[in-house]
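So the structure is just underneath, and the comments pick up after that.
2 protein chains.
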Amino acid sequence: MTTLRALAPSLLLASTLLAGPALAQRAAPLVDPAVAALRDKALNDDIAYDIVEGLTTEVGPRPDGSPKEERARQWAVAKLKSLGFKNVRIEPYELKNVWIRGVETAEVVAPFEQPLRLTALGNSGATPAEGLTLPVVFFPSLADLRAAPDGSLTGKIAFVSNAMQANQDGSSYGPEGQARRAGPSIAAQKGASAIVIRSIGSDHGRGPHAGVTNFAPGVAPIPAAALSVADAANLERMVKRGKPVTLHLTLTPTFVPSRMSGNVVAEVPGTDPAAGTILIGGHLDSWDLGTGAIDDASGIAITTAAAKRMMDAGRHRRTIRVVWFGDEETGGFGGLAYAKAHAGETHAMAAESDFGADRVWRFETNLPATAKPVGDRLIAALAPLGIVHGAGVAGDGTDVGPTLATGIAAVDLNQDGTRYFDYHHTPEDTLERIDTQQLRQNVAAWTAVLAVVADAPEAIGPVTPKK
Amino acid sequence: MTTLRALAPSLLLASTLLAGPALAQRAAPLVDPAVAALRDKALNDDIAYDIVEGLTTEVGPRPDGSPKEERARQWAVAKLKSLGFKNVRIEPYELKNVWIRGVETAEVVAPFEQPLRLTALGNSGATPAEGLTLPVVFFPSLADLRAAPDGSLTGKIAFVSNAMQANQDGSSYGPEGQARRAGPSIAAQKGASAIVIRSIGSDHGRGPHAGVTNFAPGVAPIPAAALSVADAANLERMVKRGKPVTLHLTLTPTFVPSRMSGNVVAEVPGTDPAAGTILIGGHLDSWDLGTGAIDDASGIAITTAAAKRMMDAGRHRRTIRVVWFGDEETGGFGGLAYAKAHAGETHAMAAESDFGADRVWRFETNLPATAKPVGDRLIAALAPLGIVHGAGVAGDGTDVGPTLATGIAAVDLNQDGTRYFDYHHTPEDTLERIDTQQLRQNVAAWTAVLAVVADAPEAIGPVTPKK
Numbered sequence: 001m002t003t004l005r006a007l008a009p010s011l012l013l014a015s016t017l018l019a020g021p022a023l024a025q026r027a028a029p030l031v032d033p034a035v036a037a038l039r040d041k042a043l044n045d046d047i048a049y050d051i052v053e054g055l056t057t058e059v060g061p062r063p064d065g066s067p068k069e070e071r072a073r074q075w076a077v078a079k080l081k082s083l084g085f086k087n088v089r090i091e092p093y094e095l096k097n098v099w100i101r102g103v104e105t106a107e108v109v110a111p112f113e114q115p116l117r118l119t120a121l122g123n124s125g126a127t128p129a130e131g132l133t134l135p136v137v138f139f140p141s142l143a144d145l146r147a148a149p150d151g152s153l154t155g156k157i158a159f160v161s162n163a164m165q166a167n168q169d170g171s172s173y174g175p176e177g178q179a180r181r182a183g184p185s186i187a188a189q190k191g192a193s194a195i196v197i198r199s200i201g202s203d204h205g206r207g208p209h210a211g212v213t214n215f216a217p218g219v220a221p222i223p224a225a226a227l228s229v230a231d232a233a234n235l236e237r238m239v240k241r242g243k244p245v246t247l248h249l250t251l252t253p254t255f256v257p258s259r260m261s262g263n264v265v266a267e268v269p270g271t272d273p274a275a276g277t278i279l280i281g282g283h284l285d286s287w288d289l290g291t292g293a294i295d296d297a298s299g300i301a302i303t304t305a306a307a308k309r310m311m312d313a314g315r316h317r318r319t320i321r322v323v324w325f326g327d328e329e330t331g332g333f334g335g336l337a338y339a340k341a342h343a344g345e346t347h348a349m350a351a352e353s354d355f356g357a358d359r360v361w362r363f364e365t366n367l368p369a370t371a372k373p374v375g376d377r378l379i380a381a382l383a384p385l386g387i388v389h390g391a392g393v394a395g396d397g398t399d400v401g402p403t404l405a406t407g408i409a410a411v412d413l414n415q416d417g418t419r420y421f422d423y424h425h426t427p428e429d430t431l432e433r434i435d436t437q438q439l440r441q442n443v444a445a446w447t448a449v450l451a452v453v454a455d456a457p458e459a460i461g462p463v464t465p466k467k
Numbered sequence: 001m002t003t004l005r006a007l008a009p010s011l012l013l014a015s016t017l018l019a020g021p022a023l024a025q026r027a028a029p030l031v032d033p034a035v036a037a038l039r040d041k042a043l044n045d046d047i048a049y050d051i052v053e054g055l056t057t058e059v060g061p062r063p064d065g066s067p068k069e070e071r072a073r074q075w076a077v078a079k080l081k082s083l084g085f086k087n088v089r090i091e092p093y094e095l096k097n098v099w100i101r102g103v104e105t106a107e108v109v110a111p112f113e114q115p116l117r118l119t120a121l122g123n124s125g126a127t128p129a130e131g132l133t134l135p136v137v138f139f140p141s142l143a144d145l146r147a148a149p150d151g152s153l154t155g156k157i158a159f160v161s162n163a164m165q166a167n168q169d170g171s172s173y174g175p176e177g178q179a180r181r182a183g184p185s186i187a188a189q190k191g192a193s194a195i196v197i198r199s200i201g202s203d204h205g206r207g208p209h210a211g212v213t214n215f216a217p218g219v220a221p222i223p224a225a226a227l228s229v230a231d232a233a234n235l236e237r238m239v240k241r242g243k244p245v246t247l248h249l250t251l252t253p254t255f256v257p258s259r260m261s262g263n264v265v266a267e268v269p270g271t272d273p274a275a276g277t278i279l280i281g282g283h284l285d286s287w288d289l290g291t292g293a294i295d296d297a298s299g300i301a302i303t304t305a306a307a308k309r310m311m312d313a314g315r316h317r318r319t320i321r322v323v324w325f326g327d328e329e330t331g332g333f334g335g336l337a338y339a340k341a342h343a344g345e346t347h348a349m350a351a352e353s354d355f356g357a358d359r360v361w362r363f364e365t366n367l368p369a370t371a372k373p374v375g376d377r378l379i380a381a382l383a384p385l386g387i388v389h390g391a392g393v394a395g396d397g398t399d400v401g402p403t404l405a406t407g408i409a410a411v412d413l414n415q416d417g418t419r420y421f422d423y424h425h426t427p428e429d430t431l432e433r434i435d436t437q438q439l440r441q442n443v444a445a446w447t448a449v450l451a452v453v454a455d456a457p458e459a460i461g462p463v464t465p466k467k
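Chains as they are written, first to last, in full-length UniProt numbering: chain A, 1 to 467; chain B, 1 to 467.
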């Protein structure tokens, strides 16, 4: 709602100005009327919502390497064919060391008996089936854990409790998320029998935030889990009362050595194969606690809806390739497989949508000097959607990252992350989190980008990748 | 924050008016300055928060008849003694047919495999340990279930999916909650093997809302559970796609025939026993999914803090008795036991706090004509807190209800219920739901009521109970 209310007057203003005599001396409007029309029509898009609704209802959770991810690929192929895309196919690859969630429970045993809600981190080791009962050692932050003497955690459960604040640009996830990514390996190296962390999330609820951790080479995985933010706060209050705290922790995940997985690929063929393919998409896999609506059904839905709108508008110069990547969550394996499989091809640009479904507020590019006019046209085409041009260099994204690293031009459409980490990787990542008007604004933004880039006469050649 | 911001100018205004010449002709200000001072000092209260924080951290969930409720009573006795209350004691009673939660899982088996989040309703029957796998029959509302022909649900799982809207006065809980209270018995009478309902809640999340159901005499309990609102919406979308939906449901609750339970009682003795006791309180038990912060640690905390403030202010005419009732959730057994144990005593007034911790926005009374001036003084004393005088007759409350029914005067302080049913009986009922400023406004309101009533020279005699 907010988005469209803010938008309507600016659209009105823009059209008034463009029609007015004050601008008549300009050679041509910066925004091609056909581009503007495609963009504005996308503000009524229903395709993206239909994809999110369908995938969350008919498939639901689709964890990496699971039979549910396989079912999601079948669903994807059927959906993309029904939308009229060409060359719809699964590009298979092997996924190794597939982590499978088991039982996960925890209770404070002393000084105050209470159950705690948590979820095992991806790649966590397992406790014995009957669990571990051990004292807790509290660390306010990862830095405090790092400062603990080697061997000081033997026979202990480390508890790292740094809290995450919400930022519009998601910038707190990098530093705060290190507790999840690196904390378990550090705790293991210091001898800990297990680790629990405060969920990497900006909410104050009971739904724990899943996510992957990685143990350094040679470090044997220990049981590792994220407490919900509310449960971590409760445990912290218990610790601060000064008596020793004992936790009973049961985590029984397992690994299987190998499973086949895949990326789902669909295309809108262009008229000029030499102009390079535009690669867009999101990831089809999800964590298993929710139904993966904002992470990342919305990303595949937004990019697919935009591509479908381009397809329906007629032939364009460049081929648009939409990829629903596999296995992003546990290591970006779909993106790596794509880059390997398509290493010899010419890409004009690559971009992904993987930060929820709230409005795009900023965009950044990494274009060669020869394509500066393309960037200028993007600024003009996106401004009426309330999107500002950021000063940074584009090139983010786990899935398109390996492709971008080969010197491909990038466009990042930054979504508003203010509430993203309230739900990210939790049971609450469901259809209810989708704001349909903001979803439509995303489709409009992506449609505008595709409309500008697909027919750009300029070469959008190699660039120096963002490091 | 909102409350105090709204409050500050009105307090300022009130004191200006009272000091001004325009009101000088009145015989006396309606609000005794000592009452006003006690009330306003309570806006800085920390006692109530300390109780909620302590009970949720050191005890946590305390379901009816459980060892955790027993531990809560011990905690309560220690806390009330440490606050300086007199005659602190447990008044024991027997609780029969104690329901104990078991395993609770559900998965859609066809046409779309998905796990669903739910919780068994109190008094639910059990499935076999391996669960039931049966077709679902969808009913948009309880009225639709009522209209189903007898026997039409044999071998089926009924699914009742009425949605609840949030109202400030909580008025939707009565009618919408019937799906939980009566739905399972109706479904059983029509031959259903089990029933799932959409949680009685105004949220859109994954936390199911627990709560008690009751089977009519002679109706054998069937397995009965509440899906989270988001899971019910998902199941409803599946149903509406038109293919038969099959659910696998496992609920393994059990009953034990009898357990001892109790009310915790504490007093601030008055100077005039013949003037009758003021009975206030809330309930100590809670559902087990959260830590029972807003249901009802806050209610016992608010009333206890107000009584403590009266105690610290010096002797008053009437005895104030604070009761932390047991076993409200599954049938108001603590309130019934209290009324039975204290049947011969004189009560001047009875009131409870059991609707969360958000601000009091309205109050109503049921006072005899002889005590009309008391009511007028309450109106004046509560107005500066932003509390309006409602037109209804007081007398609500499961715990004080059986006492009120004997003809005791009532005062209801109505809390704002706008967000109460987002959290009610869910895992999210934790300390995080407490807004400290609104909690303090509650304490101030209760302190004002106690200050007016405790020293009222009028007789606050028998009344016709609200029916």
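Backbone N, C-alpha and C define an ideal beta-carbon position, used for all residues, glycine too.
Closer than 7 Å at the beta carbon, the chain B residues around residue i
i	result
His204 of chain A	Glu432
Val136 of chain A	Neighbours of Val136 of chain A on chain B: none; closest Cβ ~15 Å, over 7 Å.
Ala230 of chain A	Thr430, Glu432
Proximal chain B residues relative to residue i, where beta-carbon distance stays under 8 Å
i	result
Ala369 of chain A	Here the premise fails: no neighbours, minimum Cβ distance about 49 Å.
Partners in chain D for residue i, counting only beta-carbon separations shorter than 8 Å
i	result
Gly60 of chain B	Absent here is chain D; the protein component of the structure consists of chains A and B.
Interface residues of chain A facing residue i [CB-CB closer than 7 Å]
i	result
Gly207 of chain B	Arg206
CA nearest to the CA of residue i, picked from the options
i	options	result
Val449 of chain B	B:Gly461, B:Asp399, B:Glu352	B:Glu352
Phe112 of chain B	A:Arg71, A:Phe139, A:Arg419	A:Arg71
Ser264 of chain A	A:Arg321, A:Gly211, A:Val374, A:Phe255	Strictly speaking, residue 264 of chain A in this sequence is Val, with Ser absent from that position. Cα-wise, what sits closest to Val264 of chain A is A:Arg321.
Leu235 of chain B	B:Val212, B:Ala394, B:Val109, B:His316	B:Val109
Pro269 of chain B	B:Val77, B:Arg39, B:Ala220, B:Asp455	B:Asp455
Trp99 of chain B	B:Arg259, B:Met164, B:Phe85, B:Gly242	B:Arg259
Thr291 of chain B	B:Ile434, B:Thr133, B:Glu91	B:Ile434
residue 468 of chain B	B:Asp422, B:Pro223, B:Ala34, B:Pro465	Since the first residue of chain B shown is 1 and the last is 467, residue 468 of chain B is not available in this structure.
Glu91 of chain B	B:Thr436, B:Gln178, B:Ala266	B:Ala266
Leu413 of chain A	A:Gln441, A:Gly407, A:Gln437	A:Gln441
Phe255 of chain A	A:Asn123, A:Leu30, A:Val463, A:Ser82	A:Asn123
Lys243 of chain B	A:Tyr173, A:Glu58, A:Asp354, A:Gln74	A:Glu58
Neighbouring residues, chain B, relative to residue i (Cβ below 9 Å)
i	result
Pro427 of chain A	Arg117, Gly205, Arg206, Gly207, Ser228, Ala230
Practice item. Quick one: which residues of the segment 96 to 112 of chain A get their C-beta closer than 7 Å to a C-beta of chain B? List them in chain order. Key: Result list: Phe112.
Exercise for review: Could you run through the segment 237 to 250 of chain B and flag, in chain order, every residue whose CB is less than 9 Å away from some CB of chain A?
Suggested key: Arg237, Met238, Arg241
Review point. Which ranges would you report for the alpha helix (DSSP H) in the segment 258 to 342 of chain B if only whole runs of at least 4 residues count?
Key: Entirely contained in the segment 258 to 342 of chain B, the alpha helix (DSSP H) runs reaching 4 residues are, in chain order, 298 to 312, 333 to 341.
Check your understanding: So does the segment 225 to 239 of chain B actually touch the segment 60 to 71 of chain B, counting three or more Cβ pairs closer than 8 Å?
Key -> no
Review point. Counting pairs of Cβ atoms below 8 Å between the segment 182 to 195 of chain B and the segment 154 to 171 of chain B, do you hit three or more?
Key: Yes, the segment 182 to 195 of chain B is in contact with the segment 154 to 171 of chain B.
**Study point:** Continuous beta strand (DSSP E) assignments of at least 3 residues falling wholly in the segment 101 to 165 of chain A
**Key:** Counting whole runs of 3 or more residues, the segment 101 to 165 of chain A contains the beta strand (DSSP E) stretches 104 to 110, 114 to 116, 118 to 120, 132 to 139, 157 to 160.
**Study point:** the segment 212 to 225 of chain B / the segment 185 to 192 of chain B touching (three or more Cβ pairs under 8 Å)
**Key:** yes
Exercise for review: Please specify which runs of the beta strand (DSSP E), each continuous and at least 3 residues long, are wholly inside the segment 49 to 101 of chain B, giving them in chain order.
Suggested key: 86 to 100
Exercise for review: Would you list, in sequence order, the uninterrupted beta strand (DSSP E) runs of no fewer than 3 residues that lie entirely inside the segment 228 to 262 of chain A?
Suggested key: 246 to 251
Review point. For the segment 48 to 59 of chain A, which residues have a beta carbon sitting closer than 9 Å to at least one beta carbon of chain B?
Key: Glu53, Thr56, Thr57, Glu58, Val59
Point to revise | Stretch-stretch touch, CB-based, cutoff 8 Å, three pairs: the segment 296 to 313 of chain A with the segment 275 to 285 of chain A | key: The answer is yes - the segment 275 to 285 of chain A touches the segment 296 to 313 of chain A, with three or more Cβ pairs under 8 Å.
Check your understanding: Which runs of the beta strand (DSSP E) spanning at least 3 residues fall entirely within the segment 352 to 383 of chain B, listed in chain order?
Key -> 360 to 366
**Study point:** Touching by the beta-carbon criterion (3+ pairs, under 8 Å), the segment 391 to 404 of chain A and the segment 330 to 342 of chain A
**Key:** yes
Review point. Would you call the segment 90 to 104 of chain A and the segment 116 to 125 of chain A in contact, with 3 or more CB pairs under 8 Å?
Key: Touching, yes, given that three or more Cβ pairs across the two stretches are closer than 8 Å.
Check your understanding: On the three-pair Cβ rule with 8 Å, is the segment 243 to 254 of chain A touching the segment 133 to 144 of chain A?
Key -> yes
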